[in-house]
Amino acid sequence: MYAVVALFNPELEQSIKTIWEGLESNGISYYAREVEDRVPHITIANYKEIPVRNFINKMRTFYKDKEKVRLDFQTVGSFINTKTLFYSPTITEELLDLHSNHHRNFASFIDDKESVYLPGKWIPHCTLANRLSEEKLQDAYNYCLKINEKLKGEINRIGLIRIDSKKHVPLIYSESLM
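Counting with full-length UniProt numbering, you get residues 1 to 178 for the letters of the sequence shown.
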């Protein structure tokens, strides 16, 4: 399985990692270390199988002249019946364009018509914790609500990850945005 992910500028990335560390040090969630080299991101698309070399070539061409997208996280949320907690960015035209343009230009690769990352189904988010008990979900929510700073930054790269296993999800390619 593969996913296209929006990656953040170093300051925003570190802010999310600090939250992950706080959740861990409080015994709430170990999300950050469940996967080797996990980095904060927003998933743009997912695929069961792709011709990797062709896909990367298309990514290189498509994203080489795309601009960075500003992000402003002001919402803490959870998906129903998932026990997952996330930050959701303010939906902007630029963020929606990034997502819809990706899907329009990579439509020939879509192999999961039920994907939650497709246009019309996508809820942009950056996961903070998942697979929590009800009590830990509430603890995580309360912890995140006490964070007084609004997280701001930008998407500065688009990456392709390969989901090898639950513990290993390498970044196999990334393209910087302008």
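By construction, the Cβ of each residue, glycine as well, lies at the ideal position given by its N, Cα and C atoms. Small disclaimer: the values here were computed from a predicted structure and weren't measured.
Are there 16 or more other CB atoms within 10 angstroms of the CB of residue 127, so buried, or fewer, so exposed? Residue mapping note: residue 127 aligns to position 127 of the sequence shown, counting from 1. Buried is the call here.
Given residue 150 as reference, the closest of 74, 35, 139 once Cα atoms are compared: Numbered from 1 along the sequence shown, position 150 holds the residue referred to as residue 150. Measuring from the Cα of residue 150, the nearest candidate turns out to be 74.
Touching or not, the stretch 129 to 142 and the stretch 150 to 169, by the rule of three or more beta carbon pairs under 8 Å? no
Please classify residue 46 as buried or exposed, where buried requires at least 16 other C-beta atoms within 10 Å of its C-beta. The residue given as residue 46 occupies position 46 in the sequence shown. Buried, since its Cβ has 16 or more Cβ neighbours within 10 Å.
With H, G and I counted as helix, E and B as strand and the rest as coil, what does DSSP make of residue 176? For this step, residue 176 is matched to residue 176 along the sequence shown. In the structure shown, residue 176 sits in a strand (DSSP, three-state: E or B).
Tell me, which residues are paired with residue 47 by DSSP? Locating residue 47 in the sequence shown gives position 47, where the first residue counts as 1. Paired residue(s): 2.
Which listed residue (71, 81, 106) has its alpha carbon closest to that of residue 92: What you label residue 92 is simply residue 92 of the sequence shown in a count that begins at 1. Residue 71 is the option with its Cα nearest to residue 92.
Would you tell me roughly how many angstroms separate the C-alpha atoms of residue 10 and residue 173, rounded to the nearest one? Here residue 10 corresponds to residue number 10 of the sequence shown, with the count starting at 1. Here residue 173 corresponds to residue number 173 of the sequence shown, with the count starting at 1. Cα to Cα, the separation comes out at about 18 Å.
Could you tell me how far apart the beta carbons of residue 170 and residue 158 are, in whole angstroms, since I believe they sit closer than 8 Å? Here residue 170 refers to the residue found at position 170 when the sequence shown is read from its first residue. Here residue 158 refers to the residue found at position 158 when the sequence shown is read from its first residue. The pair is not a contact, with the Cβ atoms about 16 Å apart (cut-off 8 Å).
Considering just the uninterrupted stretch of the beta strand (DSSP E) at residue 79, what are its terminal residues? Taking the sequence shown and counting its residues from 1, the one referred to as residue 79 is at position 79. Per DSSP, residue 79 belongs to no beta strand (DSSP E) and is neither H nor E.
Counting only runs of 3+ residues fully inside the stretch 59 to 119, write out the beta strand (DSSP E) ranges in chain order. 69 to 78, 85 to 89
Where residue 168 falls, given that 16 or more other Cβ within 10 Å makes a residue buried: Counted from its first residue, the sequence shown places residue 168 at position 168. Its Cβ having fewer than 16 others within 10 Å, residue 168 is exposed.
Throw me the rounded Cβ distance for the residue 48 and residue 1 pair, which I believe falls under 8 Å. Here residue 48 refers to the residue found at position 48 when the sequence shown is read from its first residue. Here residue 1 refers to the residue found at position 1 when the sequence shown is read from its first residue. Between the beta-carbon of residue 48 and that of residue 1 there is about 6 Å, and that keeps the pair under the 8 Å contact cut.
Taking a contact to mean a Cβ-Cβ separation below 8 Å, would you say residue 123 touches residue 165 in this structure? If you number the sequence shown from 1, residue 123 lands on position 123. If you number the sequence shown from 1, residue 165 lands on position 165. It is not a contact, given that the beta carbons lie outside the stated cut-off.
Grab me the residues of residue 12's own chain with a C-beta within less than 8 Å of its C-beta, minus the 5 sequence neighbours each way, in chain order. The residue labelled residue 12 in the question sits at position 12 within the sequence shown. Non-local C-beta neighbours of residue 12 in its own chain, meaning closer than 8 Å and more than five positions away in sequence, comprise 40, 71, 151, 152, 153, 154, ordered along the chain.
Contact check, residue 24 vs residue 30, beta carbons under 8 Å: Numbered from its first residue, the sequence shown carries residue 24 at position 24. Numbered from its first residue, the sequence shown carries residue 30 at position 30. For residue 24 and residue 30, yes; Cβs fall inside 8 Å.
Among the candidates 112, 118, 130, whose CA atom is the shortest distance from the CA of residue 80? Numbered from its first residue, the sequence shown carries residue 80 at position 80. For residue 80, the nearest C-alpha among the options comes from 130.
Per the DSSP calculation, residue 151 is bridged to which residue(s)? Against the sequence shown, residue 151 aligns to sequence position 151. Bridge partners of residue 151: 73.
For residue 9, does the three-state DSSP call read helix, strand or coil? By one-based count along the sequence shown, residue 9 stands at place 9. Three-state result, residue 9: coil.
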